[in-house]
Structure formats: C-alpha cells, structure tokens
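What follows is a short report on a single structure.
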Amino acid sequence: MDYSLTTNGLCKYYKDFKALNNLSMHVPKGAIYGLVGKNGAGKTTLIRLICGLQRPTAGEFTLYGVKSTDCKIGKTRRRMGAVVETPSIYLDTTARENIREQYRVLGMSSFDGVDELITFVGLENTGTKRVRNFSLGMRQRLGIAIALCGRPDFLILDEPVNGLDPQGIIEIRELILRLNRERQITVLISSHILDELSRLATYYGFIDKGSIVKEISAAKLKAECRKCVHLTVNDTTHICPVFDKRGLDYNVISMTEVDVYGEIKAGDLVHALDEVDCETISIHEKNESLETYYMNLVGGGMDA
Ligand code: ATP
Numbered sequence: 029m030d031y032s033l034t035t036n037g038l039c040k041y042y043k044d045f046k047a048l049n050n051l052s053m054h055v056p057k058g059a060i061y062g063l064v065g066k067n068g069a070g071k072t073t074l075i076r077l078i079c080g081l082q083r084p085t086a087g088e089f090t091l092y093g094v095k096s097t098d099c100k101i102g103k104t105r106r107r108m109g110a111v112v113e114t115p116s117i118y119l120d121t122t123a124r125e126n127i128r129e130q131y132r133v134l135g136m137s138s139f140d141g142v143d144e145l146i147t148f149v150g151l152e153n154t155g156t157k158r159v160r161n162f163s164l165g166m167r168q169r170l171g172i173a174i175a176l177c178g179r180p181d182f183l184i185l186d187e188p189v190n191g192l193d194p195q196g197i198i199e200i201r202e203l204i205l206r207l208n209r210e211r212q213i214t215v216l217i218s219s220h221i222l223d224e225l226s227r228l229a230t231y232y233g234f235i236d237k238g239s240i241v242k243e244i245s246a247a248k249l250k251a252e253c254r255k256c257v258h259l260t261v262n263d264t265t266h267i268c269p270v271f272d273k274r275g276l277d278y279n280v281i282s283m284t285e286v287d288v289y290g291e292i293k294a295g296d297l298v299h300a301l302d303e304v305d306c307e308t309i310s311i312h313e314k315n316e317s318l319e320t321y322y323m324n325l326v327g328g329g330m331d332a
C-alpha cells in the first residue's frame with residue numbers, strides 16, 4: 029500500500045511523562061484517516077510533531093517517502109496543509125484578505141484561485157464582513173481554506189468540529205468529504221467524537237496513552253462491529269436458556285433489556301420467549317457502535 033505518512037517508534041517525553049510512546053501509524057494515500065483518542069491521549073502532540081511545531085524525543089516519521097531526519101523534510105511539508113488547534117487568522121480583515129495574505133506568505137506568484145477557494149469552502153457571500161463577526165464554523169472553514177492555499181495533497185485537521193453547532197458540524201464534514209473525493213486530498217483528522225468520525229473515516233487509528241493501539245479500515249471495522257438485535261421485554265429472568273439452546277451470543281443488560289448477536293429470525297424468537305412467559309415489548313436492530321468497540325479496545329470512557 030502507498031502511504032502519505034508513516035511514523036516509526038515516535039516518542040515525545042515531557043520530563044518523565046511520555047506524551048507519545050513508541051507510536052507507529054500508517055496513513056494510506058487517499059484515505060480519510062480518523063485519529064481517535066480520549067482527551068490527553070496524544071493527538072495534538074502527534075500532529076504538532078508532524079507539522080514541525082515540536083521535535084520528537086526519539087523515533088521518526090516519513091512524509092511522502094521523505095524521512096523527518098532528511099533535510100528535504102521542510103520542502104516536503106509544503107505538500108501538507110494543517111489546521112492545528114485554533115486556526116491562525118486575522119480577525120479584523122475579510123475572508124478574501126486572509127487568503128490573499130496566506131498567498132503572500134507562501135510567495136505565490138499570483139492570486140489565481142482565491143475566489144475559487146472561497147467558494148469551495150462556502151464563504152463566497154461573506155463580502156466585506158470581518159472575520160471577527162464570523163461564526164465558529166465559518167472561521168473553521170476559513171482556517172481550512174488557508175491550509176489549502178499551497179494546494180496540498182495532504183491535510184491535517186486537529187479536532188475540526190470541536191465546539192461547533194450541528195449545522196457547523198455538517199458543513200465541515202461535507203467539506204472534508206468533498207476535499208477527499210473531488211481533489212483526492214488525503215486527510216488526517218483527529219477527534220474524540222467517534223460518532224462524527226464514523227461518518228467520514230475510511231481508516232482509523234486508535235490512540236491511547238501516546239501509542240496507536242489499533243489501525244483498521246472502516247470496512248473491516250464495520251464487519252467487526254457486529255450487528256445485534258436489541259430486545260425490550262417484561263422480564264429477562266428466564267431468558268438465557270432460550271438463547272443458549274439456539275447457540276446465540278447475547279448480553280443481558282437489565283431486567284428488561286437484552287442484546288442478541290448474529291442472524292436472528294425475529295418471529296421465531298418472540299414465539300420462543302413467549303413460551304417461557306417472557307413478553308416482547310419491542311425489538312430493533314442496532315449496530316455495535318464504534319464507541320463500544322473503542323471502549324472494548326482501550327477501556328474506560330471517552331474523557332480521560
Ligand atoms: P485533547 O483532545 O485534550 O486535545 P490530545 O489527545 O490532543 O488531547 P495532547 O494535547 O497531545 O492530547 O496531550 C497529551 C498529553 O501530553 C497530555 O497529558 C498533556 O497534558 C501532555 N502535554 C502536552 N503538552 C505538554 C507540555 N508542553 N508539557 C507537559 N505535558 C504536556
């Protein structure tokens with residue numbers, strides 16, 4: 029497989045504290061790679077190292093075939109755009125002026141493409157409005173536009189939907205999908221909001237205590253997150269033998285709720301439960317969520 033970014037034994041220590049501990053990850057070219065981890069897992073630290081904002085204590089990464097220790101890494105980083113933490117933008121000017129300023133910083137020879145970029149991120153109607161008066165979602169989209177000025181083929185977004193309202197989240201999500209599909213940009217996106225990532229990611233890297241504990245494609249993850257049927261009944265006391273007899277895997281959640289895994293014929297099951305005086309109140313299919321998968325992988329809740 030062709031990778032935009034790989035890391036090998038990357039470490040970042042703050043005195044004795046290991047913010048990154050022997051971290052190895054692989055971002056396939058063309059992927060939307062969801063970097064999933066609790067608060068404090070090391071997501072921002074990793075991104076800062078890749079962007080060259082901090083130096084690793086040990087280990088290395090390879091960006092488009094160029095090692096982080098190679099003197100060509102600075103030039104290679106120009107293939108990459110990033111929005112890390114809050115986007116750096118000038119609040120007292122317009123979206124257009126911010127983008128033109130980034131063109132100047134990058135030493136671009138003309139302002140070609142500025143209008144197209146503004147339209148692409150959906151800020152074409154902001155005119156003379158100063159960024160100070162933009163919503164958080166508009167600022168985030170402007171941050172992405174600025175990161176796109178150098179026409180990167182790899183974009184890194186650190187928690188891009190943090191603090192956004194539902195509409196803002198949808199806009200950023202659609203923008204990321206369009207960047208990936210229409211411009212073939214590889215995207216590394218960090219988040220602790222698993223549900224949000226599950227709508228975007230084609231690959232996942234689960235990070236915990238500074239290490240990647242698992243990398244998996246979205247397709248494989250979907251297969252691993254087993255389908256299950258959630259039953260609400262009047263009483264689960266005598267329910268177990270019914271499932272055991274049929275060789276079904278199940279999880280009794282409470283006195284009235286049970287999850288049953290595998291291929292199930294709902295009608296037959298309701299009938300069998302009825303025979304042990306267990307009345308079925310409701311039955312619906314659900315997928316084991318990404319969050320449950322993650323918690324099984326690393327344990328605990330999402331916030332450290
Ligand atoms: P969040 O989702 O909260 O941003 P994160 O996964 O991005 O979390 P990091 O910001 O990378 O986590 O932090 C990883 C760990 O490193 C945290 O425990 C943090 O307190 C610690 N850390 C980060 N920067 C420093 C620093 N400059 N000095 C000491 N410890 C630090």
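The opening residue of the sequence shown carries number 29 in my numbering; numbering runs sequentially from there.
All residues carry an ideal CB built from backbone N, CA and C; glycine is no exception.
None of the values given here were measured: they were computed from a predicted structure.
Which term fits residue i, buried or exposed, when burial requires 16 or more other beta carbons within 10 angstroms of its beta carbon?
{"i": "CYS268", "result": "exposed"}
{"i": "SER138", "result": "exposed"}
{"i": "VAL133", "result": "exposed"}
{"i": "LEU81", "result": "exposed"}
{"i": "GLN195", "result": "exposed"}
{"i": "ASN279", "result": "exposed"}
Keeping to the same chain, check which residues put their C-beta closer than 8 Å to that of residue i; ignore five residues upstream and five downstream.
{"i": "ARG158", "result": "LEU119, ASP120, THR121, THR122"}
{"i": "TYR231", "result": "VAL55, PRO56, ALA59, ILE60, TYR61, GLY62, GLU243, ILE244, SER245, ALA246"}
Whole angstroms is fine: what's the gap from residue i's alpha carbon to residue j's?
{"i": "LYS273", "j": "GLU303", "result": "13 Å"}
{"i": "GLN168", "j": "ASP305", "result": "56 Å"}
{"i": "THR104", "j": "GLY70", "result": "24 Å"}
{"i": "PHE234", "j": "THR156", "result": "42 Å"}
{"i": "ILE221", "j": "THR154", "result": "29 Å"}
{"i": "ASN324", "j": "LEU225", "result": "18 Å"}
{"i": "LEU91", "j": "VAL112", "result": "18 Å"}
{"i": "GLU307", "j": "VAL288", "result": "16 Å"}
{"i": "CYS79", "j": "LYS255", "result": "39 Å"}
{"i": "MET283", "j": "GLU210", "result": "50 Å"}
{"i": "TYR41", "j": "ILE75", "result": "15 Å"}
{"i": "THR73", "j": "ALA47", "result": "7 Å"}
{"i": "VAL270", "j": "GLY238", "result": "44 Å"}
{"i": "ASP44", "j": "ILE240", "result": "20 Å"}
{"i": "GLY178", "j": "LEU205", "result": "19 Å"}
{"i": "MET166", "j": "TYR61", "result": "23 Å"}
{"i": "GLU313", "j": "VAL189", "result": "29 Å"}
{"i": "VAL298", "j": "ALA246", "result": "33 Å"}
Per DSSP, what kind of secondary structure is residue i in: helix, strand or coil?
{"i": "GLY62", "result": "strand"}
{"i": "SER163", "result": "coil"}
{"i": "VAL112", "result": "coil"}
{"i": "ASN262", "result": "coil"}
{"i": "ASP277", "result": "strand"}
{"i": "CYS99", "result": "coil"}
Is the CB of residue i under 8 Å away from at least one CB in chain C?
{"i": "LYS157", "result": "This model lacks chain C altogether; it includes just one protein chain."}
Apart from the five residues on each side of it in sequence, which residues of its chain come closer than 6 Å, Cβ to Cβ, to residue i?
{"i": "THR97", "result": "GLU88"}
Spatial neighbours of residue i within its chain, please: CB distance less than 7 Å, with the 5 preceding and 5 following residues excluded, ordered by chain position.
{"i": "ARG227", "result": "ARG201"}
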